[in-house]
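Residue numbers (our numbering): 775 to 1010.
By construction, the Cβ of each residue, glycine as well, lies at the ideal position given by its N, Cα and C atoms.
These figures come from a predicted structure and were not determined experimentally.
Report on the following structure.
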Ligand code: SF4
């Protein structure tokens, strides 16, 4: 909770997920695979303009038309097949009703989602949490990076192990999981970059373990900064 509280105090409310309907969350969760969110927004805007942002419209569309509309999201042919696979699953298992789908117990629904073509653990958990309000923790590359650098996860842990770590440690509250993941993404994007993490400006810097290489380089740079300030302040 120290991580959650520190990021929340520094960054304020995240108001995720940026979508107008639960089905748009599903669309975004699939389209965001291997691309930036700005590309997803363009693809979803195309679907809205063409009135193709509902399960029934996607179900009755041709694959080629769907692929053309979501082209900005990249890998558009594969993603069109994934969207089709999801709506076929929704039709077959839940008569096309997202509400009926989300009324399914979390564990059962997660397993079913994972059996759909193109839905892996991160996509399934994003759908469950952000569209269905189910208490599952979404793990992404930023989660691995931040908590790896802070020594909370070791090496390259499996997705399920990191998910279990959060879900077993925190209160099982979907609102908390929703906000926590959004804060992690924000911190990862703005400070905890793959190369050259900006620890000096990062809200999570006070939580770096003192013996970690990043904490040590942080303290060396702050000593150097203090040294240069005291040199500058000496009278000529
Ligand atoms: S303090 Fe450094 S390692 Fe920790 S989250 Fe921020 S940028 Fe990443």
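> So, do the segment 880-893 and the segment 920-933 have three or more beta carbon pairs nearer to each other than 8 Å?
Replying inline: no
>> Could you tell me the alpha carbon to alpha carbon distance between residue 798 and residue 823, rounded to whole angstroms?
In response: 13 Å
>> If you follow the alpha helix (DSSP H) that residue 802 is in, where does it begin and where does it stop?
In response: 796-805
> Under the three-state reduction of DSSP, which class applies to residue 891: helix, strand or coil?
Replying inline: coil
> Cβ of residue 923 within 6 Å of any heavy atom in the ligand SF4?
Replying inline: yes
> Of all the options 826, 945, 939, 804, which has the alpha carbon lying nearest to the alpha carbon of residue 853?
Replying inline: 804
> According to the neighbour-count rule (16 or more other Cβ atoms, all chains shown, within 10 Å of its Cβ), is residue 889 buried or exposed?
Replying inline: exposed
>> For residue 908, count the other beta carbons within 10 Å of its own beta carbon; 16 or more makes it buried, fewer makes it exposed. Which is it?
In response: buried
> Among the residues of its own chain, which have a CB less than 6 Å from the CB of residue 904, if the five just before and after it don't count?
Replying inline: 791, 799
> Is it true that the segment 834-844 meets the segment 806-825, where meeting means three or more beta-carbon pairs spaced less than 8 Å apart?
Replying inline: yes
>> I'd like to know whether the C-beta atoms of residue 899 and residue 912 end up nearer to each other than 7 Å.
In response: Contact flag set, yes.
>> One question on the structure: do residue 861 and residue 895 come within less than 7 Å of each other, judged by their Cβ atoms?
In response: no
>> Tell me the rounded alpha-carbon separation between residue 859 and residue 875.
In response: 15 Å
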